[in-house]
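Reviewing the structure listed below.
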Amino acid sequence: MKFLRQATGLNCCRPKLKTGKQKIMNKQLETDSIIWNLADLYQGTNDPVIDNEIKSLAKEAEDIRSSYEGRVNELGPEELNNLVSRLENLAAGLTRISTFAFLNFSTQTGNPEAGAFLQKIEEAASQISTKTVFFELEWNKIKQKNAEQLFQAEELQHYRHYLEKLRAYADHMLSRAEETLLLEIAPVGASSWTKLFEKILGHIKFGEKGRSEEEVLADLHSADHEVRKQAAAEMTEGLKGQFHVLTHIFNTILADKMISDRLRSYPSWIRAMNIHNEVRESTVETLTAAVTGRYDLVQRYYHLKKKLTGIKELKDYDRYAPLPNLPDNLISWPECKDMIITSFRRFSPKMAEIASLFFDRNWIHAPVQEGKKGGAFAHPCVPDVHPYVMVNYSGSLRDVSTVAHELGHGVHQYLAASRGHFNSDTPLVLAETASVFAELIVFHDQLARISGKEKKRAFICQKLESIFATVFRQISMNRFEDLIHHRRREAGELSEEAFGELWLESQKEMFGDSLTLTSDYRVWWSYIPHFLQAPGYVYSYAFGELLVLSLYKIYQEEGTPFIEKYIHLLKQGGSRSPYELVTPFGIDLDEPAFWQGGLAVIDDLLKKIEKE
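In numbering that gives the first Met the number 0, the protein residues as written are 0 to 611.
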């Protein structure tokens with residue numbers, strides 16, 4: 000049984016500066032004191048409460064096993080409810096400790112003690128989880144007729160959806176001994192290879208100056224063509240230096256997934272993720288077909304960008320070249336806070352009130368600093384504490400958007416907490432809804448603040464590129480994943496050349512003739528962590544973005560009545576399926592027209608700048 004919850008957010012690159020420059024920038028932006036307070040969880044890694052709680056949780060897991068193993072099929076509604084409640088409390092206890100270990104590590108990845116503590120907690124959680132693996136196995140063996148009778152009982156209504164979700168895995172469960180063994184070896188399995196990948200990327204020194212991955216990728220946003228070109232060359236050279244190891248890691252993860260899917264009788268490489276997301280394969284196929292069918296939007300935009308930037312031939316490293324007149328003033332942390340809270344309040348005072356808690360109660364870690372994880376995330380933690388947000392804030396408009404994105408997650412997680420630990424865990428395809436919606440609210444507010452036609456157009460273009468990265472790029476990466484998983488299963492290990500060919504194939508389909516993909520770009524699949532951390536996950540970004548665009552259109556039409564329905568949606572967390580949760584908005588996720596409606600919003604935004 001998977002108890003531990005994961006952070007949700009962006010893997011956007013933020014520039015990492017040398018320590019001295021970091022301190023100067025943090026002071027200038029007023030982020031140097033914006034440090035989260037982990038004491039809301041524990042006082043530190045040496046807090047004796049942690050070891051005591053681990054012992055207590057291990058004892059509780061053993062008590063649950065001795066009391067219920069072998070008799071789940073005999074339990075009536077009340078006793079089954081009591082068992083699931085105890086399992087939920089156990090899961091929350093493990094998640095609380097694991098969250099602390101993860102957050103502690105996130106801001107000091109180079110600290111051996113923080114890494115060792117995280118590994119220790121992961122191993123302890125894995126061992127404790129083996130004691131309760133019997134429940135899911137026995138629950139899924141109960142006849143459907145009997146399960147349906149239990150579902151009708153009033154005592155089980157709170158956990159009904161959770162129990163229904165578990166039964167979705169019934170045909171894919173292994174024996175008790177096999178499931179226990181897999182839990183035991185999990186800390187040294189695929190996750191261990193993923194950690195190796197992260198360590199390698201974290202230790203590669205790019206270019207003559209020995210820069211980090213994030214410093215180099217940040218240069219792709221430079222207005223200077225030569226800086227972008229040099230950054231791409233340095234990135235390629237750095238990846239090639241570890242290419243044999245990265246290729247081996249990818250092949251190992253692909254093989255691990257292949258074996259797992261075979262053992263669990265999944266008919267396709269994507270089925271496990273679809274079950275986790277609570278969506279039908281037909282829904283994902285409809286989404287994918289709709290997005291790939293509108294690749295013309297990407298191609299139209301980049302043809303337009305050539306004219307707007309004066310670059311005759313856009314190459315892969317020119318994708319993020321800023322348009323002339325794009326506002327580039329630095330925004331301090333207090334200004335960022337004001338922008339976001341003001342925007343949220345215009346939409347919903349409740350949303351602004353919750354977001355303010357993150358700023359006022361030290362639930363955010365904002366400064367750029369040595370050893371801190373890149374990107375940004377929001378971690379739901381556990382319902383009886385509160386979510387935490389991590390960003391690497393460097394003062395740009397993009398950074399303001401990122402903070403809004405993560406606070407959208409945070410507000411969602413805060414509201415859903417009332418549903419309890421099991422029911423508050425939102426499916427990935429809806430987990431991005433609140434975050435992207437928050438971004439969109441702030442975007443429209445920021446746009447209204449910008450004066451001047453050229454500046455507004457440049458700002459809209461930046462937003463379009465963000466949408467493209469979330470919708471079209473993620474689906475193109477999903478297509479790449481589909482290709483490599485099938486190739487691995489049909490022809491064995493993939494060579495470096497094979498990975499490169501399939502990567503270019505999926506990317507060329509999207510860009511067409513609007514962008515020139517250089518030979519160096521064929522190695523750029525090798526630094527993307529999603530393929531390893533959560534195979535099949537990336538389509539969730541496109542799902543969330545297009546859903547939000549449609550929801551925002553409904554908001555513009557309905558006004559105030561929409562807000563109440565939207566807040567209600569966030570409060571539901573994962574207590575219902577995605578299909579049920581969007582029903583109040585009149586949305587049919589299997590209808591191609593729905594997805595095409597979201598794409599039409601993008602088309603309208605593109606037309607707006609094409610006409611100017």
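Backbone N, C-alpha and C define an ideal beta-carbon position, used for all residues, glycine too.
Here the structure is a predicted model, which is why all the values come from computation and not from measurement.
Nearest-angstrom beta carbon gap, Arg-166 and Ala-146 [assumed within contact, 8 Å]: Along the sequence shown, one-based indexing puts residue 146 at 147. Along the sequence shown, one-based indexing puts residue 166 at 167. Contact holds; Cβ gap of about 7 Å.
When DSSP labels each residue in this structure, what does Phe-627 get in the three-state scheme? A question about residue 627 goes unanswered here, because the residues of the chain that appear run from 0 up to 611.
Within the stretch 291-379, ranges of the beta strand (DSSP E) (whole runs, at least 3 residues): For the stretch 291-379, whole beta strand (DSSP E) runs of length 3 or above, ordered along the chain, are 375-378.
Separation of Ile-608 from Val-187, as counted between CA atoms: Counting from 1 along the sequence shown, the entry for residue 187 is found at position 188. Counting from 1 along the sequence shown, the entry for residue 608 is found at position 609. So the two alpha carbons sit approximately 51 Å from each other.
Report all residues from its chain with a CB closer than 7 Å to the CB of Leu-136; omit the five preceding and five following residues, and keep chain order. On the sequence shown, residue 136 is found 137 positions in, with the first residue counted as 1. For Leu-136, same chain residues with a beta-carbon under 7 Å away, outside a window of 5 residues either side, are Met-172, Arg-175 and Glu-178 in chain order.
Where Met-509 and Phe-479 are concerned, what is the direct C-alpha to C-alpha distance, given to the nearest angstrom? The residue given as residue 509 occupies position 510 in the sequence shown. The residue given as residue 479 occupies position 480 in the sequence shown. Roughly 11 Å between the two C-alpha positions.
Can the beta-carbon of Lys-462 be found less than 8 Å from the beta-carbon of Phe-442? What you label residue 462 is simply residue 463 of the sequence shown in a count that begins at 1. What you label residue 442 is simply residue 443 of the sequence shown in a count that begins at 1. Result yes, Cβ atoms of Lys-462 and Phe-442 sit closer than 8 Å.
Every unbroken alpha helix (DSSP H) inside the stretch 94-134 [4 residues or more]: As far as the stretch 94-134 is concerned, its whole alpha helix (DSSP H) runs of at least 4 residues are 111-129.
Nearest-angstrom Cα separation, counted from Ser-65 out to Tyr-540: For this step, residue 540 is matched to residue 541 along the sequence shown. For this step, residue 65 is matched to residue 66 along the sequence shown. Using only the alpha carbons, I get a separation of about 42 Å.
Taking contact to mean 3 or more Cβ pairs, one atom from each stretch, closer than 8 Å, check whether the stretch 62-79 and the stretch 403-412 are in contact. Verdict: no, contact absent.
Please state whether DSSP places Phe-688 in a helix, a strand or coil. Nothing in the structure corresponds to residue 688, since the chain is present only between 0 and 611.
My assumption, with CB atoms under 8 Å, is that Lys-228 sits in contact with Tyr-316. Please give the rounded CB distance. Walking along the sequence shown from the start, residue 228 turns up at place 229. Walking along the sequence shown from the start, residue 316 turns up at place 317. Rounded, the Cβ-Cβ distance is 6 Å, consistent with contact.
Along the chain, where does the beta strand (DSSP E) that runs through Met-389 open and close? By 1-based counting over the sequence shown, the position of residue 389 is 390. Per DSSP, the continuous beta strand (DSSP E) segment holding Met-389 begins and ends at 387-389.
Closer than 8 Å by C-beta to Gly-419: which residues in its own chain qualify, once you throw out the five before and the five after it? Chain order, please. Walking along the sequence shown from the start, residue 419 turns up at place 420. Result list for Gly-419: Glu-87, His-157 and Pro-382, in chain order.
Using alpha carbons as the reference points, say which of Leu-545, Cys-380 and Leu-493 lies closest to Phe-436. By 1-based counting over the sequence shown, the position of residue 436 is 437. When only C-alpha atoms are compared, the closest one is Leu-545.
Using a Cβ-Cβ cutoff of less than 8 Å, which residues in the same chain neighbour Arg-575 once the five nearest sequence positions on both sides are dropped? Looking up residue 575 in the sequence shown gives position 576. The residues His-160, in chain order, have a CB closer than 8 Å to that of Arg-575 in the same chain once the five nearest residues on each side in sequence are set aside.
According to DSSP, which residues form a beta bridge with Thr-515? On the sequence shown, position 516 is the one that residue 515 refers to. Lys-314.
Mind checking whether Val-639 and Val-390 have CB atoms under 8 Å apart? Not covered by the structure: residue 639. The range shown for the chain is 0 to 611.
Do three or more CB pairs link the stretch 276-283 to the stretch 484-496 at distances below 8 Å? Pairwise C-beta distances place the stretch 276-283 out of contact with the stretch 484-496, as fewer than three of them are shorter than 8 Å.
So does the stretch 23-33 actually touch the stretch 361-372, counting three or more Cβ pairs closer than 8 Å? Output reads yes: the stretch 361-372 touches the stretch 23-33.
Which residues does DSSP list as the beta-bridge partners of Arg-210? Working through the sequence shown from its first residue, we reach residue 210 at position 211. According to DSSP, which records beta bridges pairwise, Arg-210 is partnered with Phe-205.
Helix, strand or coil for Cys-12? Go by DSSP, reduced to three states. The residue given as residue 12 occupies position 13 in the sequence shown. Residue placement at Cys-12 cannot be trusted, given a pLDDT of 42 that sits under 50; the coordinates are not used to answer.
Could you please give the first and the last residue of the uninterrupted alpha helix (DSSP H) stretch that includes Phe-249? Walking along the sequence shown from the start, residue 249 turns up at place 250. 242-262 is the extent of the alpha helix (DSSP H) around Phe-249.
Which residues bound the alpha helix (DSSP H) around His-404? One-based indexing of the sequence shown puts residue 404 at position 405. Where His-404 is concerned, the enclosing alpha helix (DSSP H) stretches over 396-415.
How should Ala-288 be labelled, buried or exposed, when 16 other C-beta atoms within 10 angstroms of its C-beta is the threshold for buried? As a first step, residue 288 is located in the sequence shown; it is residue number 289 there, counting from the start. With fewer than 16 Cβ atoms within 10 Å of its Cβ, Ala-288 is classed as exposed.
Helix, strand or coil for Leu-182 per DSSP? Locating residue 182 in the sequence shown gives position 183, where the first residue counts as 1. Correct three-state label for Leu-182: helix.
With a cut-off of 8 Å on the beta carbons, I'd call Glu-60 and Leu-40 a contact; round off their distance for me. As a position in the sequence shown, residue 60 is number 61, starting the count at 1. As a position in the sequence shown, residue 40 is number 41, starting the count at 1. Here residue 60 turns out to be Ala, not Glu, going by the sequence shown. In fact, because the Cβ distance is near 21 Å, the residues do not count as touching under 8 Å.
For Pro-534, does the three-state DSSP call read helix, strand or coil? Here residue 534 is taken as the residue at index 535 of the sequence shown, counted from 1. DSSP places Pro-534 in coil when its eight states are reduced to three.
Can the beta-carbon of Ile-184 be found closer than 8 Å to that of Thr-131? For this step, residue 184 is matched to residue 185 along the sequence shown. For this step, residue 131 is matched to residue 132 along the sequence shown. No, these two residues do not count as a Cβ contact at 8 Å.
Indicate whether Ile-459 and Ser-342 have their beta-carbon atoms separated by less than 8 Å. Taking the first residue of the sequence shown as position 1, residue 459 is located at position 460. Taking the first residue of the sequence shown as position 1, residue 342 is located at position 343. For Ile-459 and Ser-342, no; Cβs fall outside 8 Å.
Using only the alpha-carbon positions, how far apart do Met-338 and Gln-445 sit? Translated into positions along the sequence shown, residue 338 becomes position 339. Translated into positions along the sequence shown, residue 445 becomes position 446. Each residue's CA atom was taken as its position, placing Met-338 and Gln-445 some 8 Å apart.
In angstroms, rounded to a whole number, what distance separates the CA positions of Asn-605 and Val-297? As a position in the sequence shown, residue 605 is number 606, starting the count at 1. As a position in the sequence shown, residue 297 is number 298, starting the count at 1. This sequence places Leu at residue 605; Asn is not what is there. Distance between the alpha carbons of Leu-605 and Val-297: 10 Å.
So which of Glu-213, Trp-192, Pro-266 and Ala-231 has the shortest CA-CA distance to Leu-245? Within the sequence shown, numbered from 1, the residue matching residue 245 stands at position 246. Its Cα nearest to that of Leu-245, the residue Trp-192 stands out among Glu-213, Trp-192, Pro-266 and Ala-231.
Between the alpha carbons of Phe-2 and Phe-196, how many angstroms are there, rounded? Taking the first residue of the sequence shown as position 1, residue 2 is located at position 3. Taking the first residue of the sequence shown as position 1, residue 196 is located at position 197. With a pLDDT of 42 at Phe-2, under the threshold of 50, the modelled position of this residue cannot be trusted; read the value that follows with caution. For the pair Phe-2 and Phe-196, the Cα-to-Cα distance works out to about 24 Å.
Given that a residue counts as buried once 16 or more other Cβ atoms are within 10 Å of its Cβ, and exposed if not, what is Gly-573? Position 574 of the sequence shown, counting from 1, holds the residue named residue 573. Buried, by the Cβ-count rule.
Given a cut-off of 8 Å on the beta-carbon distance, is the pair Leu-37 and Phe-99 in contact? If you number the sequence shown from 1, residue 37 lands on position 38. If you number the sequence shown from 1, residue 99 lands on position 100. If you check the CB distance, Leu-37 and Phe-99 come in under 8 Å.
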